[in-house]
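So the sequence shown is numbered by our numbering: it starts at 2 and just counts up by one. Note that the Cβ used here is the ideal one computed from N, Cα and C, for glycine as well.
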Amino acid sequence: MSYSQRETPILAELCTFLVEHVYGELAARVFSVLARFGRQRLGDLSRASYLNGRQLKYGLVILIQQHLVFHSPADAKYMFYEIDWQHSYALVRCGKIAKLVEDRFGKKAANVVSNLLTLGHTRIADLKEAYFPSHTDSDDESDDGIVNGVGLRKGKANGTRLNGAVEKINGTANGKPTDDEDAKPATETLANGVNTSKATSNPVKVNGVSKETTDRDTTDGSEELDDGSIGSAEELHATIQLLMERGWVMKVEDAQYLSPGDLHDIARRQAADEIFGGIIPTGTKDKDKLAAGTQQHKRRIRDAWLEVPQACTRKRKAADTDYGASNKRVKVNGGYGVSGATSGNNEDDLVVRVNPEKIAVAMRTEQLVHLVEQRLGYTTARIYQIMLRMLESNLARCYEEYPDPPLADPEKAPDNGIDPRLLVTTRDVAKQTKDLDICEGLDPHAIAQITKRTHVEKRTNVLSQPIDPSTLSHDERVRIVHKHISLLSEDPFHFVTWHTRAGYSQWRIEFDEIMKGLIQHEIENTIASRKGALGVKLIRALRKKGKLDERQTCNTMMMSANDIRGIVNDLTVQGFVQTQEIPRVERREAKHSIHLIWYDRQRAREKLLHDTYKGMVRIMQRIAFEREKVQPLLAKAERSDVVGNEAKYLSKGELEALKKWKEVEEKLLLQLFREDDLVATLRDFIGPLVSV
Numbered sequence: 002m003s004y005s006q007r008e009t010p011i012l013a014e015l016c017t018f019l020v021e022h023v024y025g026e027l028a029a030r031v032f033s034v035l036a037r038f039g040r041q042r043l044g045d046l047s048r049a050s051y052l053n054g055r056q057l058k059y060g061l062v063i064l065i066q067q068h069l070v071f072h073s074p075a076d077a078k079y080m081f082y083e084i085d086w087q088h089s090y091a092l093v094r095c096g097k098i099a100k101l102v103e104d105r106f107g108k109k110a111a112n113v114v115s116n117l118l119t120l121g122h123t124r125i126a127d128l129k130e131a132y133f134p135s136h137t138d139s140d141d142e143s144d145d146g147i148v149n150g151v152g153l154r155k156g157k158a159n160g161t162r163l164n165g166a167v168e169k170i171n172g173t174a175n176g177k178p179t180d181d182e183d184a185k186p187a188t189e190t191l192a193n194g195v196n197t198s199k200a201t202s203n204p205v206k207v208n209g210v211s212k213e214t215t216d217r218d219t220t221d222g223s224e225e226l227d228d229g230s231i232g233s234a235e236e237l238h239a240t241i242q243l244l245m246e247r248g249w250v251m252k253v254e255d256a257q258y259l260s261p262g263d264l265h266d267i268a269r270r271q272a273a274d275e276i277f278g279g280i281i282p283t284g285t286k287d288k289d290k291l292a293a294g295t296q297q298h299k300r301r302i303r304d305a306w307l308e309v310p311q312a313c314t315r316k317r318k319a320a321d322t323d324y325g326a327s328n329k330r331v332k333v334n335g336g337y338g339v340s341g342a343t344s345g346n347n348e349d350d351l352v353v354r355v356n357p358e359k360i361a362v363a364m365r366t367e368q369l370v371h372l373v374e375q376r377l378g379y380t381t382a383r384i385y386q387i388m389l390r391m392l393e394s395n396l397a398r399c400y401e402e403y404p405d406p407p408l409a410d411p412e413k414a415p416d417n418g419i420d421p422r423l424l425v426t427t428r429d430v431a432k433q434t435k436d437l438d439i440c441e442g443l444d445p446h447a448i449a450q451i452t453k454r455t456h457v458e459k460r461t462n463v464l465s466q467p468i469d470p471s472t473l474s475h476d477e478r479v480r481i482v483h484k485h486i487s488l489l490s491e492d493p494f495h496f497v498t499w500h501t502r503a504g505y506s507q508w509r510i511e512f513d514e515i516m517k518g519l520i521q522h523e524i525e526n527t528i529a530s531r532k533g534a535l536g537v538k539l540i541r542a543l544r545k546k547g548k549l550d551e552r553q554t555c556n557t558m559m560m561s562a563n564d565i566r567g568i569v570n571d572l573t574v575q576g577f578v579q580t581q582e583i584p585r586v587e588r589r590e591a592k593h594s595i596h597l598i599w600y601d602r603q604r605a606r607e608k609l610l611h612d613t614y615k616g617m618v619r620i621m622q623r624i625a626f627e628r629e630k631v632q633p634l635l636a637k638a639e640r641s642d643v644v645g646n647e648a649k650y651l652s653k654g655e656l657e658a659l660k661k662w663k664e665v666e667e668k669l670l671l672q673l674f675r676e677d678d679l680v681a682t683l684r685d686f687i688g689p690l691v692s693v
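What follows is the structure, given as structure tokens:
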């Protein structure tokens with residue numbers, strides 16, 4: 002079983018809430034049956050759900066389109082269906098994903114990604130047809146762009162309706178819901194409460210300026226005119242190409258619908274055919290060799306999804322326009338009429354979707370930057386953000402899900418060294434800080450020593466004359482940036498690690514060690530809030546010393562047994578501390594046994610993750626309860642004639658009730674997104690931890 006696909010009853014309940022909230026009751030009913038009974042065939046689903054074949058297939062189509070359900074290979078004797086837990090939980094992050102893309106590539110790329118999240122996956126030709134409809138059957142401009150039978154005006158091609166679906170991304174699970182369903186999807190409202198979150202109260206700035214950063218990727222270079230609408234088909238292709246090259250969008254293949262078990266069987270069969278000629282080995286060494294080959298084939302299958310097709314990487318030239326090509330329209334995808342100029346392009350037939358692994362990398366970047374800002378200040382956090390985003394394009398995922406099996410003798414493991422693409426030099430970072438006041442957040446004495454232009458007032462401990470960052474030479478800027486990076490290196494979390502002196506100094510980021518420390522930090526924060534400082538003291542003592550009996554624990558903590566027993570019992574019941582009884586004689590009597598206490602970080606991590614899921618379920622239940630209380634008012638406020646004219650059609654009391662409901666929902670959603678950040682820290686940034 003894949004580590005990311007482990008299911009617990011509370012996770013099943015949470016994902017069922019999310020599916021019902023986003024896709025409706027029918028899809029949630031099918032999803033709940035799969036969550037309760039696990040891997041099922043179509044007939045078994047029909048008997049368990051009491052749905053007829055038409056309803057069941059319609060619900061499965063929705064779930065499969067959104068990549069919420071795995072299914073067996075097409076050549077299998079029986080078709081089985083199984084839930085994809087990782088993507089099912091990711092429904093809560095759709096608005097956050099749009100915000101991450103906007104910060105890096107602009108509103109146009111965020112618009113494309115939002116539409117891909119809504120559609121699950123789509124052909125590029127269908128997406129282009131939705132943005133730029135080719136139907137002109139009516140002279141009335143309001144009828145331009147009929148897509149799947151739903152009116153789509155050309156002026157709203159980048160707006161709310163794509164392929165007949167209202168683009169209301171993830172409902173209220175992505176941020177404060179908009180009351181106007183006909184408005185364009187504003188990524189500001191999809192940002193998971195970003196406008197109200199203290200963690201992101203400041204706009205994302207790199208080099209000290211908002212939006213206009215040197216490390217931000219844009220498709221056209223004109224941020225002033227970037228209102229989120231795609232201007233042409235070429236611009237749409239360029240945006241998708243950029244997202245694919247950076248790993249945010251990947252092509253869809255049949256193997257992505259295979260469950261972890263089916264994928265393992267296929268990879269194992271391929272490895273056996275390649276290594277042993279199709280014969281399953283029986284010896285221990287041969288089995289280890291087969292296991293390593295299986296993991297290698299899994300990685301090969303997965304890495305193929307991120308390859309950018311040749312048709313998407315080549316530049317569009319004037320010669321590609323179809324001089325002499327037929328202007329006759331071709332029926333594509335059930336009746337879409339596109340000109341022969343575009344129907345012949347291979348990239349139009351490519352099916353794409355959002356890459357969830359890249360989203361985890363971006364979320365890790367944002368959380369680390371926020372943590373650095375809390376500990377070391379804004380300027381140092383922005384420099385760290387530059388370093389992390391320089392590495393993002395070379396990081397396909399947070400951790401390797403299919404590692405090679407551990408060797409019997411770890412000392413014989415080959416030393417592959419460090420990939421030079423994962424190293425950052427101080428000079429490269431300094432080049433991207435021209436618009437950032439890098440003198441902020443440092444000791445004034447260090448600034449005075451580097452610049453030689455001013456001195457520090459003894460009474461106030463500030464510079465006698467402010468330093469203009471724009472007047473700094475390149476060498477001075479490099480030395481000041483080095484001071485900031487040294488602060489990151491000297492922090493207890495060791496956000497960066499010195500590697501060599503190349504490029505003034507070369508640094509690497511040990512993500513695994515940082516994440517282990519961050520998980521431990523979250524566990525200690527939780528225990529401190531429940532049991533105070535003594536609980537944290539016990540956890541740290543057990544983590545340092547290992548398994549201890551009661552007497553050893555008392556000596557280590559320098560406390561009496563009566564003071565320790567209560568804390569140990571409470572933390573044991575909560576699942577953060579483990580106990581073990583070892584009999585010293587044949588009779589299993591308490592007085593003749595050794596009672597050991599120990600701490601397992603992986604078990605504590607799983608327990609805290611389970612408690613976080615519980616909290617998210619309760620928040621979803623509270624949102625549903627609060628919504629039910631004002632459902633008649635919401636139904637009235639969502640009417641097309643009332644939207645935008647609330648003051649005209651709603652009474653004063655109704656307006657007050659609607660305002661109160663939005664405030665309550667905003668607070669609950671903000672807490673939900675904070676819980677999601679904790680889930681990402683505990684689950685998505687590093688694989689299972691091995692207890693020593």
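Review point. Residues in its own chain within less than 7 Å of residue 74 by CB, not counting five upstream and five downstream?
Key: As a working note, residue 74 is residue 73 in the sequence shown. Result list for residue 74: 259 and 263, in chain order.
Check your understanding: Residues bridged to residue 42 by DSSP?
Key -> Here residue 42 corresponds to residue number 41 of the sequence shown, with the count starting at 1. Paired residues: 81.
**Study point:** Every unbroken alpha helix (DSSP H) within the region 57-114, with a cutoff of 4 residues, ordered by chain
**Key:** 86-90 and 95-106
Review point. Which runs of the alpha helix (DSSP H) fall wholly inside the region 433-467 and span at least 4 residues, in chain order?
Key: 445-452
Check your understanding: Which runs of the beta strand (DSSP E) spanning at least 3 residues fall entirely within the region 554-608, listed in chain order?
Key -> 579-584 and 594-599
Exercise for review: Compute the distance between the beta-carbons of residue 580 and residue 683, then report whether it is under 8 Å.
Suggested key: As a position in the sequence shown, residue 580 is number 579, starting the count at 1. As a position in the sequence shown, residue 683 is number 682, starting the count at 1. Cβ distance not < 8 Å, so residue 580 and residue 683 don't count as in contact.
Practice item. Using three-state DSSP, classify residue 247 as helix, strand or coil. Key: Residue mapping note: residue 247 aligns to position 246 of the sequence shown, counting from 1. Residue 247: coil per DSSP, three-state reduction.
Check your understanding: Expressed to the nearest angstrom, what Euclidean distance is found between the alpha-carbon atoms of residue 247 and residue 401?
Key -> Taking the sequence shown and counting its residues from 1, one reaches residue 247 at position 246. Taking the sequence shown and counting its residues from 1, one reaches residue 401 at position 400. Roughly 18 Å between the two C-alpha positions.
Point to revise | Whether residue 362 touches residue 388 by CB criterion (8 Å) | key: Residue numbering aside, residue 362 sits at position 361 when the sequence shown is read from its first letter. Residue numbering aside, residue 388 sits at position 387 when the sequence shown is read from its first letter. No Cβ-Cβ contact shorter than 8 Å links residue 362 with residue 388.
Exercise for review: Report the three-state DSSP secondary structure of residue 550 (helix, strand or coil).
Suggested key: Reading the sequence shown from its first residue, position 549 is the one you call residue 550. Residue state, collapsed to three classes: strand.
Point to revise | Per-residue burial, residue 105 [other beta carbons within 10 Å of its own, 16 or more giving buried] | key: On the sequence shown, residue 105 is found 104 positions in, with the first residue counted as 1. That one is buried.
**Study point:** CA-to-CA distance, residue 518 to residue 438, given in whole angstroms
**Key:** As a working mapping, residue 438 is identified with position 437 in the sequence shown. As a working mapping, residue 518 is identified with position 517 in the sequence shown. Going by the C-alpha atoms only, they are around 30 Å apart.
Review point. On the premise that residue 403 lies in contact with residue 299, defined as a C-beta separation below 8 Å, what is that separation, rounded to the nearest angstrom?
Key: As a working mapping, residue 299 is identified with position 298 in the sequence shown. As a working mapping, residue 403 is identified with position 402 in the sequence shown. Residue 299 to residue 403, Cβ: 4 Å. Contact.
Check your understanding: From what residue to what residue does the alpha helix (DSSP H) around residue 372 run?
Key -> Translated into positions along the sequence shown, residue 372 becomes position 371. Its alpha helix (DSSP H) spans residues 357-377.
Practice item. For residue 242, count neighbouring Cβ atoms within 10 angstroms of its own Cβ and tell me buried if that reaches 16, exposed if not. Key: Along the sequence shown, one-based indexing puts residue 242 at 241. Buried, because 16 or more other Cβ atoms sit within 10 Å of the Cβ of residue 242.
Point to revise | contact_flag[the region 621-629, the region 556-573] where n(CB pairs < 8 Å) is 3 or more | key: No, they do not touch.
Check your understanding: The beta strand (DSSP E) with residue 509 in it runs from where to where?
Key -> Looking up residue 509 in the sequence shown gives position 508. Start and end: 507-509.
Check your understanding: In the DSSP assignment, what are the bridge partners of residue 424?
Key -> Working through the sequence shown from its first residue, we reach residue 424 at position 423. According to DSSP, residue 424 bridges with 509.
Check your understanding: Roughly how many angstroms separate the alpha carbons of residue 14 and residue 310, rounded to a whole number?
Key -> Position 13 of the sequence shown, counted from the first residue, corresponds to residue 14. Position 309 of the sequence shown, counted from the first residue, corresponds to residue 310. Whole-angstrom Cα-Cα distance: 39 Å.
Check your understanding: Taking Cβ to Cβ, would you say residue 677 is nearer than 8 Å to residue 48?
Key -> Mapped onto the sequence shown, residue 677 falls at position 676. Mapped onto the sequence shown, residue 48 falls at position 47. No; because the gap between Cβ atoms is not below 8 Å, this pair is not in contact.
Point to revise | Residue of 529, 643, 380 and 616 minimising C-alpha distance to residue 577 | key: On the sequence shown, residue 577 is found 576 positions in, with the first residue counted as 1. When the alpha-carbon of residue 577 is set against those of 529, 643, 380 and 616, the nearest one is in 529.
Practice item. For the alpha helix (DSSP H) containing residue 475, list its first residue and its last residue. Key: Counting from one through the sequence shown, the residue named residue 475 turns up at place 474. Where residue 475 is concerned, the enclosing alpha helix (DSSP H) stretches over 475-491.
Check your understanding: So residue 32 packs on residue 17, CB below 8 Å; how close in whole Å?
Key -> As a first step, residue 32 must be located in the sequence shown, where it is residue number 31. As a first step, residue 17 must be located in the sequence shown, where it is residue number 16. Correct: roughly 6 Å between the Cβ atoms.
Exercise for review: Could you tell me which of 590, 544 and 610 sits nearest to residue 527, measuring between CA atoms?
Suggested key: Here the question's residue 527 lines up with position 526 in the sequence shown. When each option's Cα is compared against that of residue 527, the closest is 610.
Point to revise | Buried versus exposed, by CB contacts within 10 Å (16 or more), residue 24 | key: For the purposes of this step, residue 24 is identified with residue 23 of the sequence shown, where counting begins at 1. Result: buried.
Point to revise | Own chain partners of residue 615 with C-beta closer than 6 Å, once the 5 adjacent residues on each side are dropped | key: In the sequence shown, counting from the first residue as 1, residue 615 sits at position 614. So the qualifying residues of the chain are 11.
Check your understanding: With contact counted as at least three CB pairs below 8 Å, one residue from each stretch, are the region 377-388 and the region 484-492 in contact?
Key -> yes
Point to revise | Secondary structure of residue 11, DSSP reduced to three states | key: Reading the sequence shown from its first residue, position 10 is the one you call residue 11. Reduced to three states, the DSSP call for residue 11 is helix.
Check your understanding: From the DSSP output, which residues share a beta bridge with residue 501?
Key -> Taking the first residue of the sequence shown as 1, we reach residue 501 at position 500. Note: residue 501 sits in a beta bridge opposite 507.
**Study point:** Validate contact between the region 278-289 and the region 81-93 using beta carbons, cut 8 Å, 3 pairs
**Key:** no
Review point. What is the rounded straight-line gap between the Cα of residue 448 and the Cα of residue 356?
Key: Along the sequence shown, one-based indexing puts residue 448 at 447. Along the sequence shown, one-based indexing puts residue 356 at 355. Straight-line Cα distance between these residues: approximately 43 Å.
Check your understanding: How is the alpha helix (DSSP H) around residue 303 delimited, first residue to last?
Key -> Along the sequence shown, one-based indexing puts residue 303 at 302. Run containing residue 303: 285-305, per the alpha helix (DSSP H) assignment.
Check your understanding: Roughly how far, in whole angstroms, is the beta-carbon of residue 681 from the beta-carbon of residue 368, given that I think they are within contact range, below 8 Å?
Key -> Along the sequence shown, read from residue 1 onward, the residue named residue 681 stands at position 680. Along the sequence shown, read from residue 1 onward, the residue named residue 368 stands at position 367. Rounded, the Cβ-Cβ distance is 7 Å, consistent with contact.
Review point. Relative to the alpha-carbon of residue 80, which residue among 41, 114 and 552 has its alpha-carbon at the smallest distance?
Key: Looking up residue 80 in the sequence shown gives position 79. When only C-alpha atoms are compared, the closest one is 41.
Check your understanding: Should residue 533 go down as buried or exposed, given a rule of 16 or more other Cβ atoms within 10 Å for buried?
Key -> As a working mapping, residue 533 is identified with position 532 in the sequence shown. Exposed: under 16 other Cβ atoms inside 10 Å.
**Study point:** Which listed residue (54, 53 and 46) has its alpha carbon closest to that of residue 83
**Key:** On the sequence shown, residue 83 is found 82 positions in, with the first residue counted as 1. Here the closest residue by C-alpha is 46.
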